[in-house]
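In the working numbering, the protein residues as written are 2 to 505. Don't be surprised by glycine CBs; every beta carbon is placed ideally from N, CA and C. These notes concern the structure reproduced below.
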Amino acid sequence: MIFEIFFFIFITFFIRLFPRLIRPLKIDTDTWYHISSVNSIIKNKYKIPKCNFGFILGGNYDYPFFAHWLTSLFVGSKILKLEKYISPLVDTIYITIGFFYLKFVINFYSIEIDNFTFKYFLLMIFSLSMIKISTGPRIYSFTPRIFGELFIFIFFISIHLYFITNNVYFIFLAILFSALALNTSTFGSQVLILSSCLLSILLSSFIPFLSFILSIVFAYIMSFGHYKNILLQQLKYSYKYATYGQFNHPAVKNRNKIKQYVLFSKYLKNREFKLAYSVFMSDLTFINIFYKNIDILVAFFVLIFAKNVDIFIFSIFVAFFIIFILTSFKPFLFLGESDRYLDYLVVFSVFIMIMYLPTSYLYIIILFQVVLYLFTLYIFFNSSDNYGKDFIEIMNFIKDNIKNKNDYVIHGILGAYINYPLSVLTGLKSLAIETNYVFDLAMNKKIMPNDRIYTNDFEYLYNEYGVNIIVANKKYLYSDMKYNFDKFEVLYENNEYIAYIRKK
2 MIFEIFFFIF ITFFIRLFPR LIRPLKIDTD TWYHISSVNS IIKNKYKIPK
52 CNFGFILGGN YDYPFFAHWL TSLFVGSKIL KLEKYISPLV DTIYITIGFF
102 YLKFVINFYS IEIDNFTFKY FLLMIFSLSM IKISTGPRIY SFTPRIFGEL
152 FIFIFFISIH LYFITNNVYF IFLAILFSAL ALNTSTFGSQ VLILSSCLLS
202 ILLSSFIPFL SFILSIVFAY IMSFGHYKNI LLQQLKYSYK YATYGQFNHP
252 AVKNRNKIKQ YVLFSKYLKN REFKLAYSVF MSDLTFINIF YKNIDILVAF
302 FVLIFAKNVD IFIFSIFVAF FIIFILTSFK PFLFLGESDR YLDYLVVFSV
352 FIMIMYLPTS YLYIIILFQV VLYLFTLYIF FNSSDNYGKD FIEIMNFIKD
402 NIKNKNDYVI HGILGAYINY PLSVLTGLKS LAIETNYVFD LAMNKKIMPN
452 DRIYTNDFEY LYNEYGVNII VANKKYLYSD MKYNFDKFEV LYENNEYIAY
502 IRKK
């Protein structure tokens, strides 16, 4: 039994790590911000910095800090080499805790389940809700999201274990891990407030919501007051997202509009499958859920017709499907991708499927999930690196050959407007801003004429911010935006990228 558990734990970790072993440079854009934050905490002697080092556009470091701080302690300056291992490790811990939690529940209710370990780990290892990769960083790049999901899961199961054991210890555990989640993940705080409120209503108990409220106090205490800054900035960011972002940001402004469903059908009819897939993944929530969260959907439909269901598990499903529907439409798109809320049901979904479905059905579901997993790998392996070998090469050249680094500010003409990797890889100051202030940047039309592209007025960037090195992905130099490099000379060039330095 013990050998079997350790074997599945190893397989869980390997399945999550494998894609990055094959594509080590495929690092998500947001991950560079998190790497920068870890480095900044180390440079600040493991204290919370006022701002990420090298971010010329400023803003305060009001991002939830705990995952960054914890990573700085255990990984330290080797973050670039080890970041690909972090999320698979945390995810494996998550799945393992889920196993022992369900074993406790099964034993408590004296339920007999054949081959529970085998069924549980196979369903979890290939759960599309956990390993989907097309909607942002999940497990293939370092992200605090994974830490937040782990802490929030422990919050939920602690509340559940309190209800079935009446052991007040679990309330304290729930408060602790809710507080850790608040100091770890911005999205996690939204999950906690919405779900705890709905759970208290559905369970007719003040315990979930009161535990969350008390965790706010504890989050403030354990952060020595820094959580106040996190909370205030998140409220400001949410307000800007609600009033500006969800109506203007390309990633969300068309979500679930009827015209997008029509456009998807048109692309399919014309066999423009790449365009159809792009619209499908980004905008068609009520269709792509059958891909992104198929395991959750199966469990929910089983739950509707099941008998003698644990009231907490039933209530948490109802709560999160209410949240899913609520956050799928304006004016609540600012609360984040609706399918991400359903991810928090994954362990409970596996429990429902194992409890109520025949073994033959489970194997069909596992086979279906394996096929979808292989499809996600195909997408992952055949998509381009966000930056790639040529980008790393040009960054290393600048790092090794630019002396007096304080005299230089670097800017990128890249696929994303975020300059986070530039400071990390070169050691130079860069035209970057703290992540919670990106809407301030987007609304500054002098520096960003639209929401995705920086200005091509290099004189303005030099006079205002001191930008004197520009790195460009060559394919973006031939877009509608025209660039004039008359006052620059080539510093370095390879197949995909070119670096310019301002003439003296």
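Beta strand (DSSP E) segment containing residue i, residue limits
i	result
Val410	410-414
Ile502	498-503
Phe489	489-494
Beta-carbon proximity of residue i to residue j, cut-off 8 Å
i	j	result
Leu124	Val425	no
Leu343	Ile297	yes
Phe313	Phe164	yes
Ile132	Ile12	no
Met482	Asn464	no
Ala433	Ile419	yes
Lys476	Glu490	no
Thr286	Ser239	no
Leu152	Ala175	Correcting the residue type first, residue 152 is Phe in the shown sequence and not Leu. No, these two residues do not count as a Cβ contact at 8 Å.
Tyr357	Ala307	yes
Leu129	Tyr292	yes
Tyr47	Val192	no
Thr244	Ser142	no
Lys44	Phe54	yes
Thr93	Ile10	yes
Phe281	Ile290	no
Phe225	Ala180	no
Val39	Ile80	yes
Ile355	Leu363	yes
Tyr484	Leu478	yes
Asp63	Ile231	yes
Expected contact under 8 Å - CB spacing of residue i and residue j to nearest Å
i	j	result
Phe381	Arg24	7 Å
Ile365	Val299	Wrong, their Cβ atoms sit about 10 Å apart, outside the cutoff.
Ile155	Phe178	4 Å
Ser73	Tyr421	Their Cβ separation, rounded to whole angstroms, is 17 Å, which puts Ser73 and Tyr421 out of contact at 8 Å.
Ile502	Ala473	Not confirmed; about 12 Å, so no contact.
Asp284	Asn309	Actually they do not touch by this definition, with Cβ atoms about 40 Å apart.
Cys198	Phe210	5 Å
Leu203	Ser316	4 Å
Tyr409	Ile470	6 Å
Ile172	Ser212	6 Å
Residue i - DSSP class collapsed to helix/strand/coil
i	result
Asn405	coil
Phe302	helix
Phe148	helix
Ser135	Annotation note: pLDDT 45 at Ser135 (below 50); position unreliable, coordinate value reported separately. Correct three-state label for Ser135: coil.
Asn255	coil
Met482	coil
Thr360	helix
Ser205	coil
Asp311	coil
Tyr95	helix
Ile49	coil
Phe15	helix
Arg272	coil
Phe9	helix
Tyr242	helix
Phe66	coil
Ile355	helix
Phe4	helix
Asn230	helix
Thr456	coil
Gly389	helix
Asn383	helix
Glu394	helix
Ile324	helix
Strand pairing of residue i, partner residues [DSSP]
i	result
Ala473	Ile414, Ile499
Ser431	Phe56, Ile411
Span of the alpha helix (DSSP H), counted from its first residue to its last, around residue i
i	result
Tyr34	30-44
Leu346	Where Leu346 is concerned, there is no enclosing alpha helix (DSSP H), given that its DSSP letter is neither H nor E.
Ala175	170-183
Leu26	Looking at the DSSP string, Leu26 is not in any alpha helix (DSSP H), and its letter there is neither H nor E.
Ile112	Run containing Ile112: none; DSSP gives neither H nor E here.
Ile290	286-293
Tyr438	Looking at the DSSP string, Tyr438 is not in any alpha helix (DSSP H), and its letter there is neither H nor E.
Asn464	459-466
CB contact below 8 Å: residue i versus chain B
i	result
Phe213	Here there is only one protein chain, and chain B is not present.
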